[in-house]
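**Q** Sharing a structure below in structure tokens format, with a few things to ask.
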Amino acid sequence: VHTVQYMYGCELDDDNTTRKYAEYGYDEEDFVSLDLESVSWTAAKPQGVITEDKCDATGAQAQVCTNFLEDVCIEQLKVLLSYGRETLERKDPPTASVIQKHSPSPEVMCHATGFFLKPVMISWRKDREDVNEDVELRGDVTQPGWKFPEEKHSESPS
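In structure tokens form, the structure reads like this:
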């Protein structure tokens, strides 16, 4: 079984910088991607050169993708973001709870939620120093509610 994947889109950061992309993958590996400057396809590996040449032969697909990414994608993204603005821009602080289990071996667990779409750094500290030994990080994405729980486990509470 072989798979072909196509991914295209655009990103808009808080500082209004943008990123646009169109790429094909084959069997879970990068294959060819669209170069928006030259409006042509670029092979990610030697096996993709034949596909690159065929896609570039007419140039039509590259031009259609480029037009969409340059002229439509960011504007559509801004409209979609405006629909969910209240949720996307909420300022509720993250919450954390600490649980200690006593059997079969002592374990302390920190469960943090509420950092919706923002990266977080969670660490165990002792005497103002990070403790990484015997710490296991587990993450999960759960829906509905778009909560991103992170758990840190430690074998011995200190």
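Position 62 of the sequence shown, counted from 1, bears residue number 73 in the numbering used here, the numbering being contiguous throughout. Positions of the beta carbon are idealized from the N, C-alpha and C atoms, including for glycine.
1. For A73, collect the residues of the same chain with a Cβ closer than 8 Å to its Cβ; drop the 5 residues on either side in sequence, then sort them by chain order.
2. Cβ of T14 within 9 Å of Cβ of D38?
3. So which of G36, W135, F79, E48 has the shortest CA-CA distance to G59?
4. Less than 9 Å between the beta carbons of L47 and K89, yes or no?
5. What's the C-alpha gap between P115 and D145?
6. Do you know whose CA, among G70, V75, A54, E86, lies nearest R30's CA?
7. Under the rule that 16 or more other beta-carbon atoms within 10 Å means buried, what is A71, buried or exposed?
8. Report all residues from its chain with a CB closer than 7 Å to the CB of D103; omit the five preceding and five following residues, and keep chain order.
9. So, helix, strand or coil for V50, using DSSP?
10. How long is the line joining the alpha carbons of D100 and I61, rounded to whole angstroms?
11. Tell me the DSSP secondary structure of I61 in three-state form.
12. Helix or strand or just coil, what does DSSP make of S134?
13. Only counting the same chain, and skipping five residues up and downstream in sequence, which positions put a Cβ closer than 7 Å to that of A55?
14. Rounded to the nearest angstrom, what separates M120 and I110 at their Cα positions?
15. Can you look up P29 in the DSSP assignment and give me helix, strand or coil?
16. Which class does A73 belong to by DSSP, given the choice of helix, strand or coil?
**A** On the basis of the supplied data:
1. Stepping through the sequence shown from its first residue, residue 73 is reached at position 62. Within the same chain, A73 has close Cβ partners L45, V50, S51, W52, C66, D67.
2. As a working note, residue 14 is residue 3 in the sequence shown. As a working note, residue 38 is residue 27 in the sequence shown. The answer is yes: Cβ separation under 9 Å.
3. As a first step, residue 59 is located in the sequence shown; it is residue number 48 there, counting from the start. Minimum Cα distance to G59 is reached at G36.
4. One-based indexing of the sequence shown puts residue 47 at position 36. One-based indexing of the sequence shown puts residue 89 at position 78. Cβ distance not < 9 Å, so L47 and K89 don't count as in contact.
5. In the sequence shown, residue 115 corresponds to position 104, counting from 1. In the sequence shown, residue 145 corresponds to position 134, counting from 1. Cα-Cα distance, rounded: 16 Å.
6. By 1-based counting over the sequence shown, the position of residue 30 is 19. Per the Cα distances, E86.
7. Mapped onto the sequence shown, residue 71 falls at position 60. Flag for A71 reads exposed.
8. As a working mapping, residue 103 is identified with position 92 in the sequence shown. These residues qualify, in order along the chain: G125.
9. In the sequence shown, residue 50 corresponds to position 39, counting from 1. Coil.
10. Within the sequence shown, the letter at position 89 stands for residue 100. Within the sequence shown, the letter at position 50 stands for residue 61. This sequence places Glu at residue 100; Asp is not what is there. The alpha-carbon atoms of E100 and I61 are separated by roughly 45 Å.
11. Sequence index remark: in the sequence shown, residue 61 carries index 50 (1-based). I61: helix per DSSP, three-state reduction.
12. Residue mapping note: residue 134 aligns to position 123 of the sequence shown, counting from 1. In the structure shown, S134 sits in coil (DSSP, three-state: anything other than H, G, I, E or B).
13. Counting from 1 along the sequence shown, the entry for residue 55 is found at position 44. Contacts found: D41, F42, V43, S44.
14. As a working mapping, residue 120 is identified with position 109 in the sequence shown. As a working mapping, residue 110 is identified with position 99 in the sequence shown. Those two C-alpha atoms are separated by around 5 Å.
15. The residue you call residue 29 lines up with position 18 of the sequence shown. At residue 29 the sequence reads Thr, which differs from the Pro that was named. In the structure shown, T29 sits in a strand (DSSP, three-state: E or B).
16. Residue 73 sits at position 62 when you count from the first residue of the sequence shown. Three-state result, A73: helix.
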